[in-house]
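Report on one structure; see the data block that follows.
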Amino acid sequence: MSTVTEGDLKRLEDLITGLAQRIEQRFDAVESRLDRLETKVQDLAISVVKIESKVDGLEKRIDDTIKPIDSVDARLNTFTIGFFSIFGVFVTGVLTVIGKIVFFPNP
Numbered sequence: 157m158s159t160v161t162e163g164d165l166k167r168l169e170d171l172i173t174g175l176a177q178r179i180e181q182r183f184d185a186v187e188s189r190l191d192r193l194e195t196k197v198q199d200l201a202i203s204v205v206k207i208e209s210k211v212d213g214l215e216k217r218i219d220d221t222i223k224p225i226d227s228v229d230a231r232l233n234t235f236t237i238g239f240f241s242i243f244g245v246f247v248t249g250v251l252t253v254i255g256k257i258v259f260f261p262n263p
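Take any residue in the sequence shown, note its place counting from 1, add 156, and you have its number in the numbering used here.
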């Protein structure tokens, strides 16, 4: 059986201390990465809220634009009905004149 010397124990202690320091450094690096990721997630959440507010504003603008279009559509329908009414009266008059000439010619 071999005996353990002070030098062996010192080397083992230094090795364990070095490994503990490396592990601590890695944990610190992981924690700093997590902190940066948390910051980025918070920034993304703020950006999402801003984008949602802009979308809400755009929806309001679209709704405000649709109202005048509906108004113009109603006026155009009224104009179309009026035009067809006048055109119908005109066609009726022309057909009446043509019918009178064809069926009741002047002697």
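Ideal Cβ positions, reconstructed from N, Cα and C, are used throughout, including at glycine. All figures in this text were calculated on a predicted structure; none of them were measured in a lab.
- Judged by DSSP secondary structure, Asn-262 falls outside any alpha helix (DSSP H); it is assigned neither H nor E.
- Excluding residues up to 5 positions away in sequence, nothing lies with its Cβ nearer than 6 Å to the Cβ of Val-250 in the same chain.
- For Val-228, the secondary structure class from DSSP, reduced to helix, strand or coil, is helix.
- Cα atoms of Val-211 and Thr-221: separation of roughly 15 Å, rounded to the nearest angstrom.
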